[in-house]
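If you're matching positions, the sequence shown starts at 5 in our numbering and goes up one per residue. Note that beta-carbon positions come from the ideal geometry of N, C-alpha and C, so glycine has one too. In this text the structure is predicted, and so the values were computed from the model without any measurement. Structure first, commentary second.
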Amino acid sequence: FNGIWRSGALTESAIVREAFECRPQDKIVGFLYLGTPQLKASTTISTPDPTPFVRYF
């Protein structure tokens, strides 16, 4: 599976806000797209070592 977070102009679009029945005080902060990619990614991202940031109690 794969995913991507998208924000920007679509979060303020009147058409999108209407489709989601947003009230004036509602705020769309972004969209999370999840699924299975059709193609293999052309780049890889290394996973950092979490040891410096994680502590178990």
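ask   = Taking C-beta to C-beta, are Trp9 and Gly34 nearer than 8 Å?
value = In this structure, Gly34 lies closer than 8 Å to Trp9 by Cβ.
task = Could you check the C-alpha separation between Leu43 and Pro56 for me, to the nearest Å?
result = Pairing Leu43 with Pro56, the inter-Cα distance amounts to about 34 Å.
query = Under a three-way DSSP split, which group does Phe5 fall into?
reply = Phe5: coil per DSSP, three-state reduction.
query = Using a Cβ-Cβ cut-off of 7 Å (strictly less than) and excluding sequence neighbours within five positions of Ala23, which residues of its own chain qualify?
reply = The beta carbon of Ala23 sits closer than 7 Å to none of the beta carbons in its chain outside the five residues before and after it.
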